[in-house]
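Here is the structure we will look at.
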Amino acid sequence: MVPFAGASELHFRLARGLDLINNWNAGLYGRYPLSDVLSVMLRQVEARNAVLYRFGSNRLETVAAARHSLDQAKPKVSSGNMLKYVQKYHAAKIEPGRIFRLSELQTEPDFYQTATQREWAAQHDLVENHLIILSASEGQYDVIEIAYALLPEDCPEFPFSLLSTALANGWENRVSGLVSRQVRNFGRGRSTGPLQETDILGPYNPAGLTRAERRICQLLVGGDTAKDIADTLNLSVATIRTHLHNTYAKTGADGQVQLVALIAAGMGRSE
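Numbering (our numbering), first residue to last: 212 to 482.
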């Protein structure tokens, strides 16, 4: 799952995609808050803001939301306007895994003078918004909205539609009661920053680390350098740094010092 020495950009995209699905499924089984999962997702797809919500009977409930770790502002919740527009003009196309892109909707004559158009005209720091349908049945919709400050790059060999389909498939198999619990926790402000005060190396593996990533973390917290770890595991330093980069994305750490601090702070909390 982790790229090897000399890996191509496609290999890196595949690795990040698999990591994302691993994190998503772990969150759907209640191992840690979905807001933390969205935080990891933002770093992996290089987006600004993400919000997961349920909409039905003209009522919107925020399940989870996250802002990119480099942005100090609080996560923005959705107005639901984009979903309402899609409901009105593209109802027949709504299905789990489907992605609706703001840039495509903006080309439609019906888009002008709508609440969605007015809302996004005021978002000067954002250039794209994706609406991912997780489920749709009997007037109830579960969706993820992802906002971008830079135009996302799609890869023909590994399109984002494959990931959105996997996200929807995982959502269908989520643990019972997950949405209601996450809605309550979000409303009470209980979801904290990514994996803070969490036993990252504990038995539940909340960050979804691979076996290699966990081993590297163990050696790192023991005081080994990247070169020491490379020698111990008979790998290149570049490969170790790739593992570390993926670990930073999953845990929210901004470098080795913070990663070691997060691991040390969470030790024993899962016992």
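Backbone N, C-alpha and C fix where the C-beta goes; we use that ideal spot for every residue, glycine too.
Quick check on the DSSP output: the beta strand (DSSP E) that includes residue i runs from which residue to which?
i    : result
T273 : 270 to 278
Let me check one thing: in DSSP terms, what residues is residue i bridge-paired to?
i    : result
D353 : R265, S346
H341 : R312, I357
N457 : Beta-bridge pairing links N457 to no other residue.
With residue i as the anchor, note down where its alpha helix (DSSP H) starts and where it stops.
i    : result
I427 : 422 to 432
R224 : 220 to 239
F369 : Counting along the chain, F369 falls outside any alpha helix (DSSP H), and DSSP gives it neither H nor E.
A441 : 437 to 444
E330 : 326 to 332
K299 : 292 to 300
S289 : It is not in any alpha helix (DSSP H) - S289 carries neither H nor E in the DSSP assignment.
Are the beta-carbon atoms belonging to residue i and residue j less than 9 Å from one another?
i    : j    : result
G228 : F369 : yes
S268 : A326 : no
L373 : I355 : no
A258 : A360 : yes
L412 : I451 : no
A261 : P307 : no
A277 : S250 : yes
L362 : V338 : yes
P417 : A237 : yes
G381 : W235 : yes
So the candidates are the options; which of them puts its Cα closest to the Cα of residue i?
i    : options                : result
L253 : A303, R329, N292, A358 : A358
D365 : C428, R312, L294, W235 : R312
Y264 : V256, K287, H279, R242 : K287
D410 : K285, L294, A472       : A472
D230 : G217, L342, T462       : T462
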